[in-house]
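Numbering (the working numbering), first residue to last: 2 to 235.
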């Protein structure tokens with residue numbers, strides 16, 4: 002079902018990480034290797050991971066997102082679980098584990114490039130991503146997707162006021178502006194609270210800190226399974 006009248010033009014705002022390209026799965030691989038290396042003598046993997054999640058939740062508030070904040074969390078988690086800071090040798094091993102997060106290349110979600118080309122022939126496309134500016138820009142450059150978007154924004158956080166400010170600055174009509182992403186917490190709920198509509202495309206590897214409950218009775222949110230399904234609706 003088309004959500005825009007024939008000949009009508011919408012603004013489609015796209016999330017980047019885990020919507021256009023795979024991201025969190027890379028962090029998950031590092032975490033798996035970290036937990037193997039940690040081999041805590043009394044806590045099982047689930048309990049150790051719960052501590053890491055708690056540490057990350059606190060650190061992103063102060064230090065933001067990205068690999069540098071993540072590395073800090075690995076060090077802080079080690080110190081908490083071991084009740085001591087890492088030795089120089091242990092610190093180097095932790096840093097070697099996190100070195101996989103170089104982001105010199107990205108793995109696009111299937112059908113992303115072709116779908117953006119198709120959608121861009123009918124609608125205005127913009128990119129809204131959060132995180133460390135330099136790191137996010139490296140991923141955007143590596144993706145080869147920047148030319149699809151009339152506006153690219155990298156923000157520290159996606160809150161209700163982020164969406165309100167963006168729609169005001171770009172002169173967007175909330176009723177014909179859709180935020181498309183995989184994160185209930187950052188993409189869907191604040192966009193809806195700002196009066197935009199939204200498209201939720203889940204990713205199996207979405208970060209646990211980005212999860213939240215969605216109201217399935219909200220007809221302002223379109224639920225899709227795959228990115229390529231967007232062309233059936235826009």
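Even for Gly, the Cβ is constructed at its ideal location relative to N, Cα and C.
- With a cut-off of 8 angstroms on Cβ pairs, the stretch 213-226 is not in contact with the stretch 28-40, counting fewer than three such pairs.
- Partner residues in a beta bridge of residue 93, as assigned by DSSP, do not exist.
- In the structure shown, residue 156 adopts extended strand secondary structure according to DSSP, grouped into three states.
- Comparing alpha-carbon positions, the option among 98, 156, 74 lying closest to residue 134 turns out to be 156.
- Here residue 208 carries a coil assignment [DSSP, helix/strand/coil].
- Collapsing the DSSP output to three states places residue 224 in a strand.
- Taking the Cα positions, residue 106 is about 15 angstroms away from residue 68.
- Around the beta carbon of residue 88, a 10 Å sphere encloses fewer than 16 other beta carbons of the protein chains shown; the residue is thus reported as exposed.
- Runs of the alpha helix (DSSP H) lying entirely within the stretch 165-199 and spanning at least 4 residues, in chain order: 190-194.
- In this structure, residue 163 sits away from residue 183, with a CB-CB distance that is not shorter than 8 angstroms.
- Residue state for residue 135 is assigned as helix, using DSSP reduced to three classes.
- Excluding residues up to 5 positions away in sequence, 201, 211, 212, 213, 214, 215 lie with their Cβ nearer than 8 angstroms to the Cβ of residue 185 in the same chain.
- Leaving aside the five residues that flank residue 190 on each side, the residues in its chain whose CB is nearer than 7 angstroms to its CB run, in chain order, 213.
- Under the DSSP assignment, residue 13 falls outside any alpha helix (DSSP H), being part of the beta strand (DSSP E) whose first and last residues are 12-15.
- Nearest neighbour of residue 169 by Cα position, chosen from 150, 195, 147, turns out to be 195.
- Closest in C-alpha terms to residue 110, from the list 83, 17, 223, comes 17.
- Going by DSSP, residue 147 is part of no alpha helix (DSSP H) at all; its letter is neither H nor E.
- For residue 57 against residue 72, the beta-carbon gap comes to about 11 angstroms, at or over 8 angstroms, which does not count as contact.
- Taking a contact as a CB-CB distance under 8 angstroms, the pair residue 209 and residue 54 counts as one, their CB atoms being some 6 angstroms apart.
- Taken through DSSP and simplified to helix, strand or coil, residue 69 comes out as helix.
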